[in-house]
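Trainee: Submitted below is the structure of interest, expressed as structure tokens.
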Amino acid sequence: MNRLGSLNEFALFYPEIKDLLRKKDYEGLKRILEKLHPVDIAENFSKFSKSEFIIIFKLLSHEKACEVFENLSPEIRKELLSSLDSNNIKTLIEDMESDERADLFGELSEELRRNLYSLIKEEDKQDIKKLLSYPEDTAGGIMSTDFITLNKDMKAKEALLHIQRNGFKLKAQNLYAVYVVDENGKLIGGVSLKSLLTASPEAKIEDIMKPVALIKINVNVDREEVARIFRKYDLLCAPVVDDNNVLVGIITVDDIMDVMSEEAGEDIYGLGKISEADELAQINYSEVSIPFLVRARIPWLFILLLIGTFVSGRILKGYSTVLEKIIILSAFIPMLMDSGGNVGQQALSLMVRALALKQVTLKDVLRVIWKEIRVGVLIGSIMGIVAFGATQILGGFNLKLGITVALTLLLVITAANLTGTVLPFVFTFLGLDPAVAASPFITTVVDATALILYFEIAKMLLGI
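Printed below as a string of structure tokens:
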């Protein structure tokens with residue numbers, strides 16, 4: 001079943017599922033649930049009441065229930081944990097992937113975490129605590145400890161037998177490759193399943209393994225850098241090592257897809273001046289409450305309202321005599337401010353992306369600035385010519401007014417483009433996320449610049 005088909009299928013079955021729940025026809029409901037993809041079931045849990053989704057969850061096979069649980073929102077997972085008995089919770093947690101299990105415990109309150117720790121094996125408990133000790137935005141925070149290791153002295157047939165005996169608990173993506181370690185657990189190489197299957201049964205692992213110097217990832221590397229490495233080398237999985245080169249986990253491509261989705265969401269919400277961007281990026285919009293959305297959006301709007309009112313108000317008040325003498329000047333203020341703001345946001349978006357993808361670095365700042373100054377001048381010149389024509393029509397063919405607006409637009413667009421280019425570099429240098437930190441400043445800086453330039457040029461050219 002393809003992904004699109006499964007989404008459509010759930011939509012088709014939804015009315016029937018609701019009807020079967022109402023009739024308490026659980027056998028019929030179970031048959032339908034067997035046909036649906038676990039991810040689609042999880043995505044649609046929010047459409048059901050608490051009592052309904054608890055019934056649905058209990059009707060799932062154990063394997064499907066685990067996969068559904070891993071894809072649920074934190075809020076619904078907590079609801080389920082409060083409704084299941086201890087044995088079900090124990091089995092569910094023990095069969096989860098190690099990284100998903102750690103994420104679950106990281107979402108819970110300290111009290112609930114202690115209660116769940118008492119249900120699981122000591123080995124799993126220590127594994128969870130170890131994973132939670134790594135910052136969530138590092139390789140350690142997204143890696144899995146579910147992997148198989150080989151000894152370099154093994155033969156290919158012995159390695160395959162070892163994988164058969166120990167790999168049944170692992171998910172398919174955790175078996176893209178297996179890694180070779182020495183007696184101290186230090187990483188020395190890797191072997192793909194293809195290499196093992198096609199090698200002579202008597203071939204030694206050290207003869208068919210490949211070195212991993214180029215693709216091993218330190219446990220403390222930022223997860224965005226991990227995603228960049230996966231993209232650059234087209235990796236399906238990669239080993240994670242500590243500072244002593246000891247293999248501590250693996251990262252697979254499905255982990256990276258989650259990272260890329262969350263990081264993209266954070267950047268988009270950051271550019272939109274939305275607080276709690278990192279939390280919002282991990283939540284399904286349909287599951288977010290209205291109070292949460294208001295709380296996430298209003299802080300920056302309130303701050304920018306105060307700053308914008310103060311800055312723009314002070315500038316307009318300072319140039320009130322200019323406006324009183326030539327009223328037509330006020331007609332072009334919105335156009336100048338909007339044009340500058342749009343260009344600044346464009347430059348900001350381009351530079352945030354370029355920095356995130358390592359297309360440019362801090363050492364490129366001067367080269368980038370010179371390039372964007374020229375871009376700004378060209379855009380400003382083109383828009384200035386258009387604006388000049390517009391002012392002649394609206395302003396009664398006033399040549400000096402047209403030059404004032406056109407020259408202001410040229411300078412504002414050049415300055416806005418430069419501001420949008422430089423701010424991401426500044427915040428990157430300061431160790432801040434440029435997508436979140438730089439965006440709120442663009443509008444205020446550009447608006448103030450536009451007003452000051454406009455009125456000063458008007459005073460000079462119009463003799464006010």
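The sequence shown maps to residues 1 to 464 in my numbering.
In this text, a Cβ means the ideal position worked out from N, Cα and C, and glycines have one as well.
(1) Within a Cβ cutoff of 6 Å, which residues of the same chain sit near L4, ignoring the five residues on either side of it in sequence?
(2) Let me know the beta strand (DSSP E) ranges lying completely inside the stretch 17 to 79, each 3 residues or longer, listed in chain order.
(3) Tell me whether the beta-carbon of F441 lies closer than 8 Å to the beta-carbon of L423.
(4) Beta-carbon within less than 8 Å of E94's beta-carbon, same chain only, minus the 5 sequence neighbours each way: which residues are those?
(5) I want to know whether the stretch 103 to 111 touches the stretch 147 to 154 - three or more CB-CB distances under 8 Å.
(6) Comparing alpha-carbon positions, which option in N245, V446 and E225 lies nearest I315?
(7) Could you have a look at Y14 and say whether DSSP puts it in helix, strand or coil?
(8) So, helix, strand or coil for S86, using DSSP?
(9) Can you list, in chain order, the residues of its chain whose CB lies under 6 Å from that of I379, leaving out five sequence neighbours each side?
(10) Let me know if V259 comes out buried or exposed under the rule of 16 or more other beta-carbons within 10 Å of its beta-carbon.
(11) So is P135 buried or exposed if we call it buried at 16+ other beta carbons inside 10 Å?
(12) Check for me: the beta strand (DSSP E) holding V360 runs from which residue to which?
(13) State the beta-bridge partners of Y179 as determined by DSSP.
(14) Would you mind stating whether G376 and F388 have Cβ atoms separated by less than 8 Å?
(15) Using beta-carbon positions only, say whether L362 and F427 come within less than 8 Å of one another.
(16) Per DSSP, what kind of secondary structure is P135 in: helix, strand or coil?
(17) So what does I217 bridge to, in DSSP terms?
(18) Between the Cα of P211 and those of E224, R22 and V180, spot the shortest distance and give me the residue it belongs to.
(19) Is H62 buried or exposed, if buried means 16 or more other CB atoms sit within 10 Å of its CB?
(20) DSSP three-state call for I142: helix, strand or coil?
(21) Which residue marks the beginning of the alpha helix (DSSP H) containing V386, and which one marks its end?
(22) Would the stretch 151 to 168 count as touching the stretch 244 to 260 if we require 3 or more Cβ pairs under 8 Å?
(23) Three-state secondary structure (DSSP) at G106?
(24) Is DSSP giving D124 helix, strand or coil here?
(25) Please report how far the alpha carbon of E100 lies from the alpha carbon of G140, in whole angstroms.
(26) Are there 16 or more other CB atoms within 10 angstroms of the CB of A102, so buried, or fewer, so exposed?
(27) Round the Cβ separation of A450 and M351 to the nearest angstrom and send it over; I've been treating them as touching at under 8 Å.
(28) Looking only at its own chain, which residues have a Cβ that is under 8 Å from the Cβ of I208, when we skip the five neighbours before and after it?
Mentor: Result, derived from the coordinates:
(1) Along the sequence shown, one-based indexing puts residue 4 at 4. The pLDDT assigned to L4 is 44, lower than 50, so where the model puts this residue is not dependable, and the model offers no usable value.
(2) none
(3) Working through the sequence shown from its first residue, we reach residue 441 at position 441. Working through the sequence shown from its first residue, we reach residue 423 at position 423. Going by C-beta atoms, F441 is nearer than 8 Å to L423.
(4) Here the question's residue 94 lines up with position 94 in the sequence shown. Around E94: I120, K121 and D124.
(5) no
(6) The count along the sequence shown starts at 1 and reaches residue 315 at position 315. With distances taken between Cα atoms, I315 lies closest to V446.
(7) Working through the sequence shown from its first residue, we reach residue 14 at position 14. Helix, per DSSP.
(8) The residue you call residue 86 lines up with position 86 of the sequence shown. Helix.
(9) Taking the sequence shown and counting its residues from 1, the one referred to as residue 379 is at position 379. If you ignore the 5 residues before and after I379, its C-beta comes within less than 6 Å of the C-beta of I413, all in its own chain and listed in chain order.
(10) Position 259 of the sequence shown, counted from the start, is the residue given in the question as residue 259. Flag for V259 reads buried.
(11) Along the sequence shown, one-based indexing puts residue 135 at 135. Label assigned to P135: exposed.
(12) Residue 360 sits at position 360 when you count from the first residue of the sequence shown. Note, V360: premise wrong, no beta strand (DSSP E); not H, not E.
(13) Reading the sequence shown from its first residue, position 179 is the one you call residue 179. Answer is T149 and G190.
(14) Stepping through the sequence shown from its first residue, residue 376 is reached at position 376. Stepping through the sequence shown from its first residue, residue 388 is reached at position 388. Going by C-beta atoms, G376 is not nearer than 8 Å to F388.
(15) Residue 362 sits at position 362 when you count from the first residue of the sequence shown. Residue 427 sits at position 427 when you count from the first residue of the sequence shown. No, they are not a contact pair.
(16) In the sequence shown, residue 135 corresponds to position 135, counting from 1. P135 falls in the coil class under three-state DSSP.
(17) Locating residue 217 in the sequence shown gives position 217, counting from the first residue. DSSP, once it has assigned bridges, lists V240 as partnering I217.
(18) If you number the sequence shown from 1, residue 211 lands on position 211. Nearest of E224, R22 and V180 to P211, Cα basis: V180.
(19) Mapped onto the sequence shown, residue 62 falls at position 62. The residue is exposed, with fewer than 16 neighbouring Cβ atoms inside 10 Å.
(20) By one-based count along the sequence shown, residue 142 stands at place 142. Residue state for I142 is assigned as helix, using DSSP reduced to three classes.
(21) Mapped onto the sequence shown, residue 386 falls at position 386. It spans V365 to L394 - the alpha helix (DSSP H) in which V386 sits, taken as one unbroken run.
(22) no
(23) Walking along the sequence shown from the start, residue 106 turns up at place 106. Three-state result, G106: helix.
(24) Residue numbering aside, residue 124 sits at position 124 when the sequence shown is read from its first letter. Helix.
(25) Position 100 of the sequence shown, counted from the first residue, corresponds to residue 100. Position 140 of the sequence shown, counted from the first residue, corresponds to residue 140. Spanning the two alpha carbons is a distance of roughly 13 Å.
(26) What you label residue 102 is simply residue 102 of the sequence shown in a count that begins at 1. Counting of Cβ neighbours within 10 angstroms places A102 among the buried residues, the total reaching 16 or more.
(27) If you number the sequence shown from 1, residue 450 lands on position 450. If you number the sequence shown from 1, residue 351 lands on position 351. Between M351 and A450 the Cβ distance is about 20 Å, and since that is not below 8 Å, they are no contact.
(28) In the sequence shown, the residue the question calls residue 208 occupies position 208. Excluding residues within five positions, the ones whose Cβ falls inside 8 Å are A156, V191, S195, L196 and A199.
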